[in-house]
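This report concerns only the one structure given below.
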Amino acid sequence: MQPNFVDEKAINEAYAAINRVRASLKGGAPHYYIETYGCQMNEHDSEKIAGMLEQMGYIPAENKVDADFILFNTCCIREHAELKTFGNVGFIKELKVNNPALITAVCGCMMQQRQTAQRLAKRFPYVDLIFGTNELHIFPQMLETVIHGGRVFEVKDSDGEIAERLPLKRKGGFSAFVNIMYGCNNFCSYCIVPYVRGRERSRHVEDILEEVRKVVDEGFAEVMLLGQNVNSYNDNGVRFPELLRAVNDITGLRRLRFMTSHPKDLSPELVSAMAECENVCPHIHLPVQSGSNRILELMNRRYTREHYFTLLDMLRNAVRDIEITTDIIVGFPTETEQDFEDTLDLVRRARFSAAYTFAYSPREGTRAAKMDCQIEEAVKKERLARLNAVLLESVTGNNDKYLGYVGDILIEGLDTRGEPMLFGKLGNLKMVYVKGSPDMIGGSVRVKVTGTRFNSLVGEIIG
Ligand code: SAH
Ligand code: SF4
Ligand code: F3S
């Protein structure tokens, strides 16, 4: 099924509203401040909103106190993320008292849950604008209404659309995010994302290539292709491996990454593309979630631990120097000590270079939240601590193989805690610290690894 695209007329209307707001601004340029929670998708959405605001004549504020417009772009992946938002939106009440002209807005995944959005609107009557994840392209019109004194609450139930041609203000740095698809169809039983981000929909290959060419021209060394499950990208039959090869061929691009891959859809074609494309970084984020087949089944992940190990072998055999990172959830409903031991065992054998670990957080409306035998918080906490201890050991142990290793890093900055050291990553995301002068930042240098730390390596510049 082909996704719906927001039509030209609607995008033109957004631009018309942008122009009207800009023309109506009096005095100096107003300042905006965006606080973003959650994943790269949200970071990237915030870049789009920043792009629209800047075309309207707004400029970035250093902090919330100096802002005329504050936006919270929210996440609801775990309860903790939601509580943080309620707390932080509460704090701006005082700013509003001191500056009644301040406009405040809340958007993103958490607001896409209508009831939560209503609760927030009621509790914080000073919030002027609330919108969900399907309304990005009408942001200029909504802001215009608020500027004229209105209050806007816009949360539309929708499978989601694709809006091309919106302005974009990328965060600086080395890496540029490029969306290749939106939404998710997987309905892992613990996960809220399919409910708040709509159905899977892929951008057209040509639109993606054009955007990558543009960011390369703007000077970005690295491109990160984004999707909840990039392995199910499909634009009229063009699948992810083919897209990856096409992006890889763009002249001037130095590093190409992508996120996230679902193990059930990782194909041999993708592994070959990774092995053969010289700009594709030898790194993959491959969330395993659990090492117990019983739990994986209840999670609706649709692979087994045996299959996962097969994938690790396939990747390591084909892609030189590849490093693999993962996500793990502990304390999923019904998880027994034995299930958890299976996860620890998987971690000991898998040789991950890093892992993001989470205590299971029930999300209203998902299947797992309704399951019997929810695990007590204290047990989740205790398992999380044990898992992190095993990870620490395994990650540190893995670093030793890098002693004497020679590779290229892209220098990202200078760390001035202690003796000043430049730092930058190898293609496989391993961080290396080296001595050198700050004018090398932004460049690429060849290094030899001479030592290890917990999460990083130490080396010297050679050649
Ligand atoms: N689309 C990506 C990840 C999305 S969310 C993927 O499929 O891999 C990022 C991570 O948050 C997930 O990999 C999972 O480990 C964690 N997560 C998602 N829902 C959660 C929940 N209800 N409780 C705890 N962790 C959760
Ligand atoms: Fe959530 Fe699963 Fe989709 Fe990832 S693949 S976003 S974990 S439902
Ligand atoms: Fe991302 Fe959080 Fe939404 S992880 S997709 S911002 S729920």
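Using numbering that gives the first Met the number 0, you'd call the opening residue of the sequence shown number 0 and step up by one each time.
Quick reminder that beta carbons are idealized off the backbone N, C-alpha and C, glycines included.
Bear in mind that the values here come from a model prediction, so they are computed numbers and not experimental data.
Restricting to Cα atoms, I'd like to know which of the options is closest to residue i.
{"i": "Leu456", "options": "Arg77, Asn427 and Val145", "result": "Asn427"}
{"i": "Val64", "options": "Arg256, Tyr57 and His30", "result": "His30"}
{"i": "Thr383", "options": "Lys369, Gly442, Leu343 and Cys187", "result": "Going by the sequence as given, residue 383 is Leu instead of Thr. When only C-alpha atoms are compared, the closest one is Leu343."}
{"i": "Glu7", "options": "Gly171, Val222, Gly290 and Ala162", "result": "Ala162"}
{"i": "Cys190", "options": "Glu275, Glu221, Ala358 and Thr395", "result": "Ala358"}
{"i": "Met420", "options": "Val433, Ile410, Glu411 and Leu409", "result": "Val433"}
{"i": "Glu375", "options": "Met258, Ser360, Arg366 and Val105", "result": "Ser360"}
{"i": "Val279", "options": "Ile249, Glu296 and Arg385", "result": "Ile249"}
{"i": "Pro139", "options": "Val20, Met439, Asn184 and Leu243", "result": "Val20"}
{"i": "Arg77", "options": "Met258, Val329, Ile283 and Thr451", "result": "Val329"}
{"i": "Ile48", "options": "Leu311, Asn133 and Leu225", "result": "Asn133"}
{"i": "Asn18", "options": "Pro124, Leu70 and Leu142", "result": "Leu142"}
{"i": "Ala377", "options": "Glu205, Pro281 and Arg385", "result": "Arg385"}
{"i": "Phe152", "options": "Ile146, Met110 and Asn178", "result": "Met110"}
{"i": "Gln227", "options": "Val431, Arg445, Gly442 and Asn41", "result": "Asn41"}
{"i": "Gly396", "options": "Ala367, Lys155 and Phe351", "result": "Phe351"}
{"i": "Pro437", "options": "Glu209, Thr415 and Arg445", "result": "Thr415"}
{"i": "Glu34", "options": "Glu53, Lys25, Gly26 and Phe71", "result": "Phe71"}
{"i": "His43", "options": "Arg315, Asn178, Asn97 and Gly89", "result": "Asn178"}
{"i": "Tyr181", "options": "Phe331, Glu241, Arg202 and His282", "result": "Arg202"}
{"i": "Tyr125", "options": "Gly458, Ile137, Gly149 and Gly131", "result": "Gly149"}
{"i": "Gly423", "options": "Lys447, Lys400 and Val195", "result": "Lys447"}
For the ligand F3S, is there a heavy atom less than 8 angstroms away from the beta-carbon of residue i?
{"i": "Cys106", "result": "no"}
{"i": "Ile327", "result": "no"}
{"i": "Asn41", "result": "yes"}
{"i": "Ile76", "result": "yes"}
{"i": "Met313", "result": "no"}
{"i": "Arg350", "result": "no"}
{"i": "Val195", "result": "yes"}
{"i": "Ala116", "result": "no"}
{"i": "Met110", "result": "no"}
At a threshold of 8 angstroms, does residue i count as lining the ligand SF4 (C-beta to nearest heavy atom)?
{"i": "Thr35", "result": "no"}
{"i": "Val192", "result": "yes"}
{"i": "Asn397", "result": "no"}
{"i": "Cys187", "result": "yes"}
{"i": "Pro286", "result": "yes"}
{"i": "His261", "result": "yes"}
{"i": "Asn233", "result": "no"}
{"i": "Asn228", "result": "yes"}
{"i": "Cys183", "result": "yes"}
Return the first residue and the last residue of the beta strand (DSSP E) that residue i is part of.
{"i": "Glu411", "result": "Val405 to Asp414"}
{"i": "Ala15", "result": "First-last for Ala15: Glu7 to Ser23, but that is the alpha helix (DSSP H), not the beta strand (DSSP E)."}
{"i": "Tyr31", "result": "His30 to Thr35"}
{"i": "Leu70", "result": "Phe68 to Thr73"}
{"i": "Val446", "result": "Ser443 to Thr451"}
{"i": "Val433", "result": "Met430 to Val433"}
{"i": "Ser174", "result": "Ser174 to Asn178"}
{"i": "Leu402", "result": "Neither: Leu402 is in no beta strand (DSSP E) and is coded neither H nor E."}
{"i": "Tyr355", "result": "Ala353 to Ala358"}
{"i": "Phe4", "result": "Run containing Phe4: none; DSSP gives neither H nor E here."}
Assuming residue i contacts residue j under a Cβ cut-off of 8 angstroms, what Cβ separation, rounded to an integer in Å, is found between them?
{"i": "Thr144", "j": "Gly107", "result": "In fact, because the Cβ distance is near 19 angstroms, the residues do not count as touching under 8 angstroms."}
{"i": "Tyr14", "j": "Ala60", "result": "The pair is not a contact, with the Cβ atoms about 24 angstroms apart (cut-off 8 angstroms)."}
{"i": "Asn230", "j": "Leu269", "result": "6 angstroms"}
{"i": "Val405", "j": "Ile440", "result": "Rounded, the Cβ-Cβ distance is 21 angstroms, inconsistent with contact."}
{"i": "Pro262", "j": "Leu310", "result": "6 angstroms"}
{"i": "Arg113", "j": "Gly159", "result": "About 15 angstroms; that fails the 8 angstroms criterion."}
{"i": "Gly56", "j": "Ala28", "result": "6 angstroms"}
{"i": "Ser443", "j": "Leu409", "result": "5 angstroms"}
{"i": "Met223", "j": "Ser174", "result": "5 angstroms"}
What do you reckon, is the C-beta of residue i under 8 angstroms from a heavy atom of the ligand SAH?
{"i": "Val301", "result": "Reading off the sequence, residue 301 comes out as Arg, not Val. Outside the cutoff, so no."}
{"i": "Ile323", "result": "no"}
{"i": "Ala367", "result": "yes"}
{"i": "Tyr355", "result": "yes"}
{"i": "Cys38", "result": "yes"}
{"i": "Arg452", "result": "no"}
{"i": "Pro332", "result": "no"}
{"i": "Ala358", "result": "yes"}
Need the endpoints of the alpha helix (DSSP H) that residue i sits in, please.
{"i": "Ser393", "result": "Glu376 to Asn398"}
{"i": "Met51", "result": "Gln39 to Gln54"}
{"i": "Asn292", "result": "Asn292 to Leu297"}
{"i": "Tyr302", "result": "Counting along the chain, Tyr302 falls outside any alpha helix (DSSP H), and DSSP gives it neither H nor E."}
{"i": "Tyr194", "result": "Val192 to Arg196"}
task: Output the residue ranges of the alpha helix (DSSP H) runs that lie fully inside the stretch 77-164 and measure 4 residues or longer, sorted by chain position.
output: Taking only runs of at least 4 residues, the alpha helix (DSSP H) segments lying wholly in the stretch 77-164 are 78-90, 92-97, 113-122 and 138-146.
- request: Could you pull out every unbroken alpha helix (DSSP H) segment of at least 4 residues lying fully inside the stretch 312-349, listed in chain order?
  value: Whole alpha helix (DSSP H) segments, 4+ residues: 336-349.
query: In chain order, which beta strand (DSSP E) runs of at least 3 residues are fully inside the stretch 203-251?
result: With a minimum length of 3 residues, the continuous beta strand (DSSP E) runs that stay inside the stretch 203-251 are 221-225.
- prompt: Mind pulling the alpha helix (DSSP H) runs of 4 or more residues that sit fully within the stretch 249-290?
  reply: Counting whole runs of 4 or more residues, the stretch 249-290 contains the alpha helix (DSSP H) stretches 267-275.
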